[in-house]
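Protein chains in written order, with our numbering: chain A, 368 to 508; chain B, 2 to 679. Glycine residues also receive a C-beta, built at the ideal position from the N, C-alpha and C atoms.
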Amino acid sequence: MTDETWNPKIIAIICNWCSYAGADLAGGARIQYPPDVRAIRVMCTGRVDPLFIMKAFQDGADGMLISGCHFGDCHYLEGNYKCAKRMFLVKNLLKNIGLDDNRLRMTFVSASEGAKWGAVMEDVVKTVKELGPSPIKKYER
Amino acid sequence: MAETKEESRIGVFICHCGTNIAGSLSIEEVKNYAMTLDGVIVADEYQYMCSTPGQSKIIDAIKEHNLNGIVVAACSPRLHEPTFRTATEEGGLNKFRFEMANIRDQNSWVHMHDWEGATEKAKDQVLIAVAKARMLEDLQPKSVPVEHSALVLGGGVGGMQAALDLASAGIKTYLVEKAPPTVGGRMSQLDKTFPTLDCSQCILTPKMVDVGRHPPNIELKTYTEVEKVEGYIGNFTITLRKKGRGVLDPTEALERGIVGGGCNGCGDCAEVCPVIKPNPPFEMGMAPRKAIYIYHPQVMPPLQYTIDFDSCVKCGLCVEACGPEKRAIDLDSVDTFEEIRVGTCILAIGYDYIPIEQKMEWGYKQFDNVITGLEFERLICASGPTGGHLIRPSDGQTPMKVGFVLCAGSRDNTGGVNKPYCSRFCCMYSLKHAHQIMEKIPGAVPYIFYMDIRSFGKMYEEFYYRIQNEGAKFIRGRVANILEDPITKNLIVNAEDTLLGRPVSMEMDMVVLAAAVQPKPEAEKIRQMFGVSKSQDGWLLEAHPKLNPCGTTTAGIYLAGVCQGPKDIPDTVAQAEGAASAASIPIHTGEVQLEPYFAQCMDEICAGCGMCLQQCPYGALDLVEKNGRTVMEVTEAKCKGCGTCGGFCPGGAIKMQHFTSPQICAQIDAFLLKGEDN
Numbered sequence: 368m369t370d371e372t373w374n375p376k377i378i379a380i381i382c383n384w385c386s387y388a389g390a391d392l393a394g395g396a397r398i399q400y401p402p403d404v405r406a407i408r409v410m411c412t413g414r415v416d417p418l419f420i421m422k423a424f425q426d427g428a429d430g431m432l433i434s435g436c437h438f439g440d441c442h443y444l445e446g447n448y449k450c451a452k453r454m455f456l457v458k459n460l461l462k463n464i465g466l467d468d469n470r471l472r473m474t475f476v477s478a479s480e481g482a483k484w485g486a487v488m489e490d491v492v493k494t495v496k497e498l499g500p501s502p503i504k505k506y507e508r
Numbered sequence: 002m003a004e005t006k007e008e009s010r011i012g013v014f015i016c017h018c019g020t021n022i023a024g025s026l027s028i029e030e031v032k033n034y035a036m037t038l039d040g041v042i043v044a045d046e047y048q049y050m051c052s053t054p055g056q057s058k059i060i061d062a063i064k065e066h067n068l069n070g071i072v073v074a075a076c077s078p079r080l081h082e083p084t085f086r087t088a089t090e091e092g093g094l095n096k097f098r099f100e101m102a103n104i105r106d107q108n109s110w111v112h113m114h115d116w117e118g119a120t121e122k123a124k125d126q127v128l129i130a131v132a133k134a135r136m137l138e139d140l141q142p143k144s145v146p147v148e149h150s151a152l153v154l155g156g157g158v159g160g161m162q163a164a165l166d167l168a169s170a171g172i173k174t175y176l177v178e179k180a181p182p183t184v185g186g187r188m189s190q191l192d193k194t195f196p197t198l199d200c201s202q203c204i205l206t207p208k209m210v211d212v213g214r215h216p217p218n219i220e221l222k223t224y225t226e227v228e229k230v231e232g233y234i235g236n237f238t239i240t241l242r243k244k245g246r247g248v249l250d251p252t253e254a255l256e257r258g259i260v261g262g263g264c265n266g267c268g269d270c271a272e273v274c275p276v277i278k279p280n281p282p283f284e285m286g287m288a289p290r291k292a293i294y295i296y297h298p299q300v301m302p303p304l305q306y307t308i309d310f311d312s313c314v315k316c317g318l319c320v321e322a323c324g325p326e327k328r329a330i331d332l333d334s335v336d337t338f339e340e341i342r343v344g345t346c347i348l349a350i351g352y353d354y355i356p357i358e359q360k361m362e363w364g365y366k367q368f369d370n371v372i373t374g375l376e377f378e379r380l381i382c383a384s385g386p387t388g389g390h391l392i393r394p395s396d397g398q399t400p401m402k403v404g405f406v407l408c409a410g411s412r413d414n415t416g417g418v419n420k421p422y423c424s425r426f427c428c429m430y431s432l433k434h435a436h437q438i439m440e441k442i443p444g445a446v447p448y449i450f451y452m453d454i455r456s457f458g459k460m461y462e463e464f465y466y467r468i469q470n471e472g473a474k475f476i477r478g479r480v481a482n483i484l485e486d487p488i489t490k491n492l493i494v495n496a497e498d499t500l501l502g503r504p505v506s507m508e509m510d511m512v513v514l515a516a517a518v519q520p521k522p523e524a525e526k527i528r529q530m531f532g533v534s535k536s537q538d539g540w541l542l543e544a545h546p547k548l549n550p551c552g553t554t555t556a557g558i559y560l561a562g563v564c565q566g567p568k569d570i571p572d573t574v575a576q577a578e579g580a581a582s583a584a585s586i587p588i589h590t591g592e593v594q595l596e597p598y599f600a601q602c603m604d605e606i607c608a609g610c611g612m613c614l615q616q617c618p619y620g621a622l623d624l625v626e627k628n629g630r631t632v633m634e635v636t637e638a639k640c641k642g643c644g645t646c647g648g649f650c651p652g653g654a655i656k657m658q659h660f661t662s663p664q665i666c667a668q669i670d671a672f673l674l675k676g677e678d679n
């Protein structure tokens, strides 16, 4: 049910050292991708409280992306591992409340992977567009 | 939405960045939108916000409108956050009352053909930034003292230069070299250097001697690895593993009470040693080496033997030969550990060559007379295995026709090697090799198979012309394959001459492959220990290619030489000097300011469950008794501000300064609810 006129609301929480830098690099390289994702910068994906994700979905987010450093590359040693572990929990929670857990994704984009950031953006937007608007919005209003 | 203590008075400043931003989205629309936002008192725009007049706009507006929060919508905070924080501070606000909306790198540059989409996104980005700015608090950066010492990892020419510069600047420097028991690195294996044709050892040895002569400022630690890295800029604690070398130097001997003992380099031990094996690291396996050896004649520390315990059979003949006076040999020597404290670190860990035998079509290791550039260096070097006489490995004859295959693995996306980058120094050293052949062997002709000759440096192009004039033959085209005549062991090189547009097949006496370079296998472990990112090709990643080419994203860690990307000796030395200068700044300043993104425990909420303790990778958290309750306490000196504890605390009792949960929730709410209350 892809609707060409509908623009999904997607929030990305991304780490300062890898994914944010990778996103900047994509800019420097003028890699073009759809503009639907809004990024919030944190120092490390370890900062991502599962409640932030639940809060976003409660507010009606159609999709959410958490992006950090590759395993072994974390600026703070292991924040990305800790975050990745939490993702299993949150994905389970989402399924339990009847949301497709593909609306939440965690990716690992390093500071040198501008092209990969572009590809992630394309793919996240495509996935969420295929899933359609978040059902939570429908029930609420 | 959470309550703010004071009324928000926020100024929003939008940068055109020339047409970088203004060419892809409507600044006017974003500005008008910003004015409608809750708490925004003033919205302004300017061509270049980072310029002096741009910054003055911020400073003046803070004073004029009594602002308490600043939002700049411009490039990335990774680029200009420090600039605008300074301006915010100059206006009389705490510099952490500043938030940036990245509408260039993450908007106008990536949505260049979507005016409306980009404008909408920019509006949301400003909205999100304003939401955070409303909740920002005054913070004080934490100042920490810096150790008056530095670590240089890697004893090649780059590492030595960096160490010498640091030491000359009065800084205690630990120069640590892992594999060979000497400093000198790759350069000590070379014969001549381009384009000046200086003898490599002649210009390197003085530096090696200087490194040895610079105590107490340089502490040379060869045959030593980094085991563990802890701490942060100004206060790194590095654990070193000194590998057992089996031989005591005079100082070590004295420590053990052997007066007048220790190795004096006489060589009696090597004479009796029964183990003979090829010398792989230095002579590329082309000369024999005993199990007890001197790496090469000019080693620093000087005249000291080392035992290769991988091949030593512990027969004890060397112990006898060494005699009861010197007692320099200890066959049971073990690795020892040592902790050093340094303020900054320079990584100069060098490079490796790709295993060029993986390109089967060129026949390296299948055909005797196919060698690599580094093997050629040893063969033509007067101190090499042949005393400087270039011979064919198959029969010892002097080669008269020598083929050079450039870009052997470099600039090659095909399977097997996959090194898309230029290795940067192979063109020039191959030209030098061509010159050396024509100089040493009258009548010999070098044939250079190249894609492009990249003679980009100072006097390099002139050197290229000189080699052309001397009679070297250049064939522009990639070598398809190399075949061997099984009787004469001559090589048939099949290539395409792209200038003449026809295939060529030439018989050569010898072929030299200019193999591509690649990061060292241990680079991965080292970079993870030091917290340095890698680029796409695996080289260590600099903080910014132009603005900070020696620094890394981890404060206090700097890069020099090929470990950051292929470069020749002049560039390596230049970067080493740059890295040394950068690394000395915090040391000479004496203190560094850390961003105060520390975790704080809100005692009234903390239930003392202690689950955060396992989350912290730095052991910065502890449970303590306060007013009769168990609560968590943060040791600020250990906390680096990742927020992993704050993301996990089940009670929400941990406040991550500058990235608090209310701030992040406000950002989420702002975008999704657009001011509607939840």
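Item: Whether B/C264 touches B/Q305 by CB criterion (8 Å); Value: yes
Item: Cβ contact (3+ pairs, closer than 8 Å) linking the region 537 to 548 of chain B and the region 121 to 141 of chain B; Value: no
Item: Among A/V495, A/N459, A/Y443, A/I377, nearest to B/G620 - alpha-carbon criterion; Value: A/Y443
Item: Same chain, Cβ closer than 6 Å to B/C408, five either side skipped, listed in chain order; Value: M452
Item: Amino acids of chain A, ordered along the chain, whose beta-carbon sits closer than 9 Å to that of B/M113; Value: R397, Q399
Item: Assigned exposure category for B/A35 - 16 Cβ within 10 Å defines buried; Value: buried
Item: Counted within 10 angstroms of its Cβ, other Cβ atoms place A/D391 as buried (16 or more) or exposed; Value: buried
Item: Distance, B/A168 Cα to B/Q537 Cα; Value: 34 Å
Item: Residues that B/R86 contacts on chain A, provided the C-beta gap is smaller than 9 Å; Value: Correct list: empty, because the minimum Cβ distance to chain A is about 15 Å.
Item: Amino acids of chain A, ordered along the chain, whose beta-carbon sits closer than 7 Å to that of B/A74; Value: None at all; the shortest Cβ gap to chain A is about 13 Å.
Item: Secondary structure of B/K173, DSSP reduced to three states; Value: strand
Item: Beta-carbon spacing of B/L514, B/Y365 below 8 Å; Value: yes
Item: Coil, strand or helix - B/Q537 by DSSP; Value: coil
Item: Between the CA atoms of B/S411 and B/N108 - distance to the nearest angstrom; Value: 35 Å
Item: B/D39: contacting residues in chain A (beta-carbon distance under 9 Å); Value: In chain order: nothing, as chain A lies at least about 17 Å away.
Item: Where the region 552 to 566 of chain B meets chain A: residues whose CB sits under 9 Å from a CB there; Value: T554, T555
Item: Length of the line joining the Cα atoms of B/E7 and A/F424; Value: 30 Å
Item: Within chain B, the residues that A/A478 reaches when beta carbons sit closer than 8 Å; Value: S534, L542, T554
Item: Pair within 8 Å by beta-carbon distance, B/V147 and B/I669; Value: no
Item: Proximity below 8 Å, CB of B/L560 to CB of B/A584; Value: no
Item: Same chain, Cβ closer than 7 Å to B/P83, five either side skipped, listed in chain order; Value: none
Item: The region 173 to 193 of chain B touching the region 273 to 281 of chain B, judged by at least three CB pairs closer than 8 Å; Value: no
Item: Residues of the region 443 to 467 of chain A whose Cβ lies closer than 9 Å to any Cβ of chain B, in chain order; Value: Y443, L444, E445, G446, K449, C450, R453
Item: Under 9 Å from the C-beta of A/F419: neighbouring residues of chain B; Value: G648, S662, I665, C666, I669
Item: Anticipated Cβ contact below 8 Å, B/I234 with B/T174, distance rounded; Value: That pair is no contact at about 16 Å.
Item: Residue range of the unbroken beta strand (DSSP E) whose run includes B/M101; Value: 99 to 103
Item: With 16 other Cβ atoms within 10 Å as the buried cut-off, status of B/C203; Value: exposed
Item: B/N495 beta carbon less than 8 Å from that of B/A481; Value: yes
Item: Extent of the continuous beta strand (DSSP E) run through B/M657; Value: 655 to 657
Item: Cβ pair count under 8 Å reaching 3, the region 448 to 455 of chain A against the region 464 to 482 of chain A; Value: yes
Item: Span separating the alpha-carbon of B/N95 from that of B/S9; Value: 14 Å
Item: Three CB pairs or more closer than 8 Å across the region 571 to 579 of chain B and the region 600 to 614 of chain B; Value: no
Item: Nearest-angstrom Cα separation, counted from B/E523 out to B/E472; Value: This sequence places Gly at residue 472 of chain B; Glu is not what is there. Answer to the nearest angstrom: the Cα atoms are 42 Å apart.
Item: Residues, ordered as in the chain, of the region 413 to 442 of chain A that lie near chain B by beta-carbon distance below 7 Å; Value: G413, R414, V415, D416, F419, K422, A423, D426, G427, A428, G439, D440, H442
Item: Span separating the alpha-carbon of B/T238 from that of B/N549; Value: 25 Å
Item: Close Cβ partners of B/V625 (< 7 Å) along its chain, the five nearest in sequence each way excluded; Value: V632, E634
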